[in-house]
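K.L.:
Below is the structure I would like to discuss, written out as structure tokens.
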Amino acid sequence: MGFALPSTIWMGFYYIGFFGVYGVLLPFWALWLKGEGTSTEMIGTMLAFALVARSAGALLLTRNLTTTVSLLQAMRRLTLTSMIAFSGFYLTSNVYLVFLLVVLTNFVFSPLMALGEAMAAKLVRYNNMDYGKTRLWGSIGFMLASAATGLLVESFDHQVILLAIIIGLAGLLLLTVTPARNMPQDTLKSSKTSSGFMTILNRPSFWPFLLITALLQGAHAAYYGFGAVYWQDIGISETYIGYFWSMGVVGEIFFLAIGRRLFANTSLATMFAIAAFGSIVRWLTLSYATDVSVIMLSQLLHGVTFGIAHLAAMRYIAENVADEDTMTVQAIYAAIPFSLAIALLTFLSGLFYPELKENIFIFMAIAVVPVLVLVRSKHI
């Protein structure tokens, strides 16, 4: 028998690979665009359209993927396509072609997250994998990649960002063709046809979950899109910016590592409410803080604003969604809370950031207030 990674180890490496790339793309892509001479307003527009493309990619490129084999095949195809698409940025500096490439890369790259989460859901359901402890390796990959990229950008220039993304995708592609043992076996049940996007969206019980997660994740828009730009504008170095993102992931890792035990007897409503309160505190702090140490400490709240919210979402899916619908619900989760909601608020952030600067974070705090009402729904 040839070499094969244990399924949980394989999943951990997948998270490291995907979120390693994401750890370069999310904090530093706006800086790469800025380094190429793109205006702040255009960056906001590009990032907003990119998020719409992520939503479309998650919905259109993951349809009817219910089996382990189909998930693996899609991972390989989309990782390779992402590498090719990102390489296209070396061929042009035309702002309109760059715009199209930004849309294309997000369209083909974003489904890799939903595919990974769907595979993880299978491993949790059939192999009793500890989701938090496996997912935290993605957070570690994100943290190391963002910290290293910050150092490299300051030592060299913004071109390092694109190169790091392509190298990371090459590593992820290598993993997707590496055999894994003890993967969930495809059965008649796992081969059932999904209910479909519209059927799931037409369920009234699904909407409170969707709105809560959309508000909590959407409120990260100003931070994701303009956090690095804002900190650079107030004189903070790229190295510290990388450290800020890494510190955020330290908080995330903490809750992912202990989440299964810590929240075993905690209701989903309480978890979402904790995430909402944490969001209000975090975004208000960022709107006033200019001291490096204060920003660094506030970044630990990422473990609450993202980590607890995401753990609650994954638990909701595990407890309330049938196996054959898992990929569809993961795609909707990636498409609406993680893409469309963030796209809308990123677009608005791009329009108003030149005037509002740090005050843009106050609006992110206001955006999560409705969550405190929605958690009272009987469906949460």
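Each residue of the sequence shown is one higher than the one before, counting from 1097 in the numbering used here. Here a beta-carbon is modelled for each residue, glycine too, at the ideal position from N, C-alpha and C.
1) Identify whether Leu1101 lies in helix, strand or coil by the three-state DSSP scheme.
2) Can you give me the start and stop residues for the alpha helix (DSSP H) that Ala1360 sits inside?
3) Measuring CA to CA, which of Ile1112, Asn1455, His1475, Gln1426 is closest to Leu1265?
4) Counting pairs of beta carbons, one from the segment 1436-1447 and one from the segment 1145-1158, are three or more of them closer than 8 Å?
5) What is the DSSP secondary structure of Arg1231, counted as helix, strand or coil?
6) From Thr1272 to Phe1238, what does the alpha carbon distance come to, in whole angstroms?
7) Please check if any C-beta of chain C sits within less than 7 Å of the C-beta of Ala1260.
8) Taking all protein chains shown into account, do 16 or more other C-beta atoms lie within 10 angstroms of the C-beta of Asn1190, making it buried, or fewer, making it exposed?
9) Using a Cβ-Cβ cutoff of less than 6 Å, which residues in the same chain neighbour Leu1407 once the five nearest sequence positions on both sides are dropped?
10) Considering only the alpha carbon of each residue, which of Gly1344, Ala1315, Phe1302 lies closest to Trp1063?
11) Quick one: measure Cβ to Cβ for Ser1375 and Ala1318, integer angstroms, because I've assumed they're closer than 8 Å.
12) So for Ala1369, helix, strand or coil by DSSP?
13) Figure out for me which residue from Leu1248, Thr1274, Met1225 has the closest Cα to the Cα of Leu1500.
14) Within a Cβ cutoff of 6 Å, which residues of the same chain sit near Ile1404, ignoring the five residues on either side of it in sequence?
15) Can you tell which of Leu1307, Ala1217, Ser1251 has the C-alpha that lies nearest to the C-alpha of Leu1436?
16) Keeping to the same chain, check which residues put their C-beta closer than 7 Å to that of Phe1492; ignore five residues upstream and five downstream.
17) Here's the rule: buried if 16 or more other CB atoms are within 10 angstroms of the residue's CB, otherwise exposed. What is Val1464?
18) How should Asp1329 be labelled, buried or exposed, when 16 other C-beta atoms within 10 angstroms of its C-beta is the threshold for buried?
19) With Tyr1412 and Phe1322 assumed to form a contact (beta carbons below 8 Å), what rounded beta-carbon distance in angstroms separates them?
20) Quick check: the segment 1170-1178 against the segment 1240-1254, are at least 3 beta-carbon pairs closer than 8 Å?
21) Since Ala1565 sits in a beta bridge, which residues does DSSP pair it with?
22) Between the Cα of Ser1363 and those of Arg1472, Leu1269, Lys1453, Leu1187, spot the shortest distance and give me the residue it belongs to.
23) Using the Cβ count rule (16 or more neighbours within 10 Å means buried), how would you classify Leu1193?
24) Return yes when the Cβ of Ser1242 is within less than 7 Å of the Cβ of Gly1338, no when it is not.
25) Beta-carbon separation of Ser1178 and Phe1195 under 7 Å?
P.N.:
The relevant details are as follows:
1) Position 5 of the sequence shown, counted from the first residue, corresponds to residue 1101. Correct three-state label for Leu1101: strand.
2) Within the sequence shown, numbered from 1, the residue matching residue 1360 stands at position 264. Looking at the DSSP string, Ala1360 is not in any alpha helix (DSSP H), and its letter there is neither H nor E.
3) For this step, residue 1265 is matched to residue 169 along the sequence shown. Of the listed residues, the one whose Cα sits closest to Leu1265 is Ile1112.
4) At 8 Å Cβ cutoff, the stretches touch.
5) In the sequence shown, counting from the first residue as 1, residue 1231 sits at position 135. DSSP places Arg1231 in helix when its eight states are reduced to three.
6) As a first step, residue 1272 must be located in the sequence shown, where it is residue number 176. As a first step, residue 1238 must be located in the sequence shown, where it is residue number 142. Going by the C-alpha atoms only, they are around 19 Å apart.
7) Protein chains in the displayed structure number just one, and chain C is not present.
8) Residue 1190 sits at position 94 when you count from the first residue of the sequence shown. Asn1190 is exposed by the Cβ-count criterion.
9) Translated into the one-based positions of the sequence shown, residue 1407 becomes position 311. For Leu1407, where only same-chain residues beyond five positions count, the Cβ hits under 6 Å are Gly1355.
10) Here the chain comprises residues numbered 1097 to 1476, so residue 1063 is not present and cannot be evaluated.
11) As a first step, residue 1375 is located in the sequence shown; it is residue number 279 there, counting from the start. As a first step, residue 1318 is located in the sequence shown; it is residue number 222 there, counting from the start. Here Ser1375 is actually not in contact with Ala1318; their C-beta atoms are around 12 Å apart, not less than 8 Å.
12) Taking the sequence shown and counting its residues from 1, one reaches residue 1369 at position 273. Reduced to three states, the DSSP call for Ala1369 is helix.
13) The structure shown has nothing for residue 1500, since the chain only spans 1097 to 1476.
14) By one-based count along the sequence shown, residue 1404 stands at place 308. A distance below 6 Å between beta-carbons, with the five flanking residues on each side excluded, links Ile1404 to the following residues of its chain, in chain order: Phe1351, Met1367, Ile1370, Ala1371.
15) Translated into positions along the sequence shown, residue 1436 becomes position 340. Of the candidates Leu1307, Ala1217, Ser1251, the one whose C-alpha sits nearest the C-alpha of Leu1436 is Leu1307.
16) Residue 1492 falls outside the range modelled here, since the chain spans only 1097 to 1476, and no answer is possible.
17) Looking up residue 1464 in the sequence shown gives position 368. Around the CB of Val1464, 16 or more other CB atoms lie within 10 Å, so the residue is classed as buried.
18) Counted from its first residue, the sequence shown places residue 1329 at position 233. Answer is exposed; the Cβ neighbour count stays below 16.
19) For the purposes of this step, residue 1412 is taken as the residue at position 316 of the sequence shown. For the purposes of this step, residue 1322 is taken as the residue at position 226 of the sequence shown. Incorrect: roughly 30 Å between the Cβ atoms, too far for contact.
20) As far as the Cβ criterion goes, the segment 1240-1254 does not touch the segment 1170-1178, which means the pair count is below three.
21) This structure cannot speak to residue 1565, because the chain is shown only from 1097 to 1476.
22) The residue given as residue 1363 occupies position 267 in the sequence shown. Checked all of Arg1472, Leu1269, Lys1453, Leu1187; the closest Cα to Ser1363 is Arg1472.
23) Against the sequence shown, residue 1193 aligns to sequence position 97. Result: exposed.
24) Numbered from 1 along the sequence shown, position 242 holds the residue referred to as residue 1338. Numbered from 1 along the sequence shown, position 146 holds the residue referred to as residue 1242. Judged by their CB atoms, Gly1338 and Ser1242 are nearer to each other than the 7 Å cut-off.
25) What you label residue 1178 is simply residue 82 of the sequence shown in a count that begins at 1. What you label residue 1195 is simply residue 99 of the sequence shown in a count that begins at 1. No, the Cβ-Cβ distance between Ser1178 and Phe1195 is not below 7 Å.
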